[in-house]
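Trainee:
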Amino acid sequence: MNHNNMQKREELPGHAHLRKTLDRLHKTYSACHEGNVATYIPELAKANPDHFGVAVVGIDGEIYEAGETSAEFTIQSISKAFVFGLAVETHGRDAVLKRVGVEPSGDAFNSLELRSSRKPFNPMINAGAITDTGMITGASVKERMNKILCLLSDAAGRELRVDEGVYRSEKETGHRNRAIGHLLKNVDLIDGEVDEVLDLYFQQCSVLLNARDLATMGATLANLGTNPVTGKEVLSFDSVRDVLSVMFTCGMYDFAGEWAFRVGIPAKSGVGGGILAVINRQLGIGTYSPRLDAMGNSVRGIRLCTDLAEEMGLHVFNFTNAGSSFIKATFGKK
Ligand code: GLU
21 MNHNNMQKRE
31 ELPGHAHLRK
41 TLDRLHKTYS
51 ACHEGNVATY
61 IPELAKANPD
71 HFGVAVVGID
81 GEIYEAGETS
91 AEFTIQSISK
101 AFVFGLAVET
111 HGRDAVLKRV
121 GVEPSGDAFN
131 SLELRSSRKP
141 FNPMINAGAI
151 TDTGMITGAS
161 VKERMNKILC
171 LLSDAAGREL
181 RVDEGVYRSE
191 KETGHRNRAI
201 GHLLKNVDLI
211 DGEVDEVLDL
221 YFQQCSVLLN
231 ARDLATMGAT
241 LANLGTNPVT
251 GKEVLSFDSV
261 RDVLSVMFTC
271 GMYDFAGEWA
281 FRVGIPAKSG
291 VGGGILAVIN
301 RQLGIGTYSP
311 RLDAMGNSVR
321 GIRLCTDLAE
331 EMGLHVFNFT
341 NAGSSFIKAT
351 FGKK
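In the working numbering, each number is its position in the sequence shown, counted from 1, plus 20.
#1: For Ala147, count the other beta carbons within 10 Å of its own beta carbon; 16 or more makes it buried, fewer makes it exposed. Which is it?
#2: Cα separation between Gly78 and Asn206?
#3: Are there three or more Cβ pairs, one per stretch, closer than 8 angstroms when the stretch 183–195 is compared with the stretch 296–305?
#4: Can you tell me whether Gln223 sits near ligand 1, meaning its C-beta is under 7 angstroms from at least one heavy atom of the ligand?
#5: What ranges does the beta strand (DSSP E) occupy inside the stretch 142–225, keeping only unbroken runs of at least 3 residues that lie completely in it?
#6: Measure the alpha-carbon distance for Ala314 versus Val186 and round it to whole angstroms.
#7: So what does Ser289 bridge to, in DSSP terms?
#8: Would the C-beta of Val291 count as close to ligand 3, meaning under 7 angstroms from any of its heavy atoms?
#9: Please specify which runs of the alpha helix (DSSP H), each continuous and at least 4 residues long, are wholly inside the stretch 232–320, giving them in chain order.
#10: Quick check: is the beta carbon of Thr59 nearer than 8 angstroms to any beta carbon in chain D?
#11: With burial defined as no fewer than 16 other Cβ atoms inside 10 Å of the residue's Cβ, what is the status of Tyr60: buried or exposed?
#12: Here's the rule I'm using: 16 or more other beta-carbon atoms within 10 Å means buried, otherwise exposed. How should Glu179 be labelled?
#13: In terms of residues, what are the limits of the alpha helix (DSSP H) holding Ala101?
#14: Between the alpha carbons of Arg39 and Ala176, how many angstroms are there, rounded?
#15: Asn243 to Gly126, Cα distance in whole Å?
#16: Using the DSSP secondary-structure output, state which residues sit across from Gly78 in a beta bridge.
#17: Which of the three DSSP states, helix, strand or coil, is assigned to Leu134?
#18: Just to confirm the assignment, what range does the beta strand (DSSP E) spanning Gly87 have?
#19: Does DSSP put Val17 in a helix, in a strand, or in coil?
#20: Using the Cα positions of Ala128 and Asp274, report the straight-line distance between them to the nearest angstrom.
#21: Leaving aside the five residues before and after Ser137 along the sequence, list all residues of the same chain whose C-beta is less than 8 angstroms from its C-beta, in chain order.
Listed below in C-alpha cells is the structure:
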C-alpha cells in the first residue's frame, strides 16, 4: 500500500519477492518460543507472548508487512534514539556531547556507572537517555512530553499516545532509574527538577506503537529525517546522522557489537519487544515480538532481522552488492 500519492505504483518483481520473504521468515520464526516477556515493569508482563509482526517501509513510502503489525506495545528504549536526536536538534551536537558520551559501555542498560569523565557512556543506556531527556526544553513536563510525542508521532506518521498503565507501573517501580537520576543530578548533568525529568522519561518509554509505526520511523531516519509517507520533515540530516551512528554502535544492549558484526545495520531495541532497524537511504524495518533474550532483545526480532539482512545483503559492509541489486529490484531506479 502506498499512502503517499494518488496513483497506484507498478508492483516490481522485487516488491513481490520482499513480501514473500517476509511471509516466509515470519512463518519460520512464529515457531520459535524461546525467551520471556519482560516482567521487571509489572505491566509489561501482560503482553501476549505470541504476538509477532514485521513491517518494512521504503523511502518511497511503500509498506510491506507480515503478521501482527497493528498489535500495540510500548516503545521503551527505542524512544532514546529519538530523544537524543531531539536534544541534538535543540542544543547542537557539541552541547549534548558535553553531557553524554558516544562509547559503547559493555554494561547493562540500567547500569549506575558513569565514565571517568563523570558522564554517561552513551545515549542508549538509561543514564545517557535520562540526561538527554533532561535537555528537552519546555515550561512544564506536559509541554516537554508534548514535544517528544509530536516528534515520535511525526516520525510514525500518526498520532501516538502514552499507555497510562505502563507509565504508572514504570513510575511505581522505577527505583533504579530514580537512583540514576539522582546520580546525574549530583554531577550536574541534570539542570532542573530530577523528579520531573524522571517523570518525563517514564512517559516517553510508555508511548504505544506498532511494528508498522516502527518501520515508518525507521524509514524516516533512512530518508534523511523526512517521513516518506507523509512528507513531513521530522529531524535534520545532521541529527539523523548522529542518531544512526549511536544506534549502530550502542543500539542493541550488550549485543550491540555482535549485531553490528553479524547484521550490520543501525538498530535500536526496547524491552517492550520492538526492534527498529534502518538501511540508510533505503528503508526502515520494524519488528515486534515480546519474548526477550537474557540481554533484553526480542528473540524472534533478532533472528528475523539477521536472516533478512543475510538474504537481502543489507549489511553495511556487504561486498556482494546483493543489497543494492535488491534495492534496485524493489524500489526501481532509487
Ligand atoms: N523504561 C525502561 C527502563 O528504563 C526502558 C528499558 C529498555 O527498554 O531498555 O527500565
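Yeah, the Cβ is synthetic: ideal placement off N, Cα and C, and Gly gets one too.
If you're wondering where the values come from, they're calculated on a predicted model, not measured in any experiment.
Mentor: This is what the structure holds:
#1: Here the question's residue 147 lines up with position 127 in the sequence shown. Under this definition Ala147 is a buried residue.
#2: Counting from one through the sequence shown, the residue named residue 78 turns up at place 58. Counting from one through the sequence shown, the residue named residue 206 turns up at place 186. One C-alpha to the other measures close to 44 angstroms.
#3: no
#4: Here residue 223 is taken as the residue at index 203 of the sequence shown, counted from 1. Flag unset: Cβ of Gln223 not near ligand 1.
#5: none
#6: One-based indexing of the sequence shown puts residue 314 at position 294. One-based indexing of the sequence shown puts residue 186 at position 166. Distance between the alpha carbons of Ala314 and Val186 is about 21 angstroms.
#7: Position 269 of the sequence shown, counted from the start, is the residue given in the question as residue 289. Bridge partners of Ser289: Ile295.
#8: As far as ligands go, the structure on display features ligand 1 and does not contain ligand 3.
#9: 257–270, 276–282
#10: Absent here is chain D; the protein component of the structure consists of one chain.
#11: Stepping through the sequence shown from its first residue, residue 60 is reached at position 40. Under this definition Tyr60 is an exposed residue.
#12: Position 159 of the sequence shown, counted from the start, is the residue given in the question as residue 179. Its Cβ having fewer than 16 others within 10 Å, Glu179 is exposed.
#13: Residue mapping note: residue 101 aligns to position 81 of the sequence shown, counting from 1. Counting along the chain, the alpha helix (DSSP H) containing Ala101 begins and ends at 98–111.
#14: Counted from its first residue, the sequence shown places residue 39 at position 19. Counted from its first residue, the sequence shown places residue 176 at position 156. One C-alpha to the other measures close to 21 angstroms.
#15: Within the sequence shown, residue 243 is the residue found at index 223, counting from 1. Within the sequence shown, residue 126 is the residue found at index 106, counting from 1. Cα to Cα, Asn243 sits roughly 30 angstroms from Gly126.
#16: Translated into positions along the sequence shown, residue 78 becomes position 58. Answer is Leu303, bridged to Gly78.
#17: On the sequence shown, residue 134 is found 114 positions in, with the first residue counted as 1. Three-state result, Leu134: coil.
#18: For the purposes of this step, residue 87 is identified with residue 67 of the sequence shown, where counting begins at 1. Start and end: 83–87.
#19: With the chain covering 21 to 354 only, the question about residue 17 has no answer from this structure.
#20: Working through the sequence shown from its first residue, we reach residue 128 at position 108. Working through the sequence shown from its first residue, we reach residue 274 at position 254. Spanning the two alpha carbons is a distance of roughly 7 angstroms.
#21: Walking along the sequence shown from the start, residue 137 turns up at place 117. Once the five neighbours on either side are set aside, the close Cβ partners of Ser137 are Gly121.
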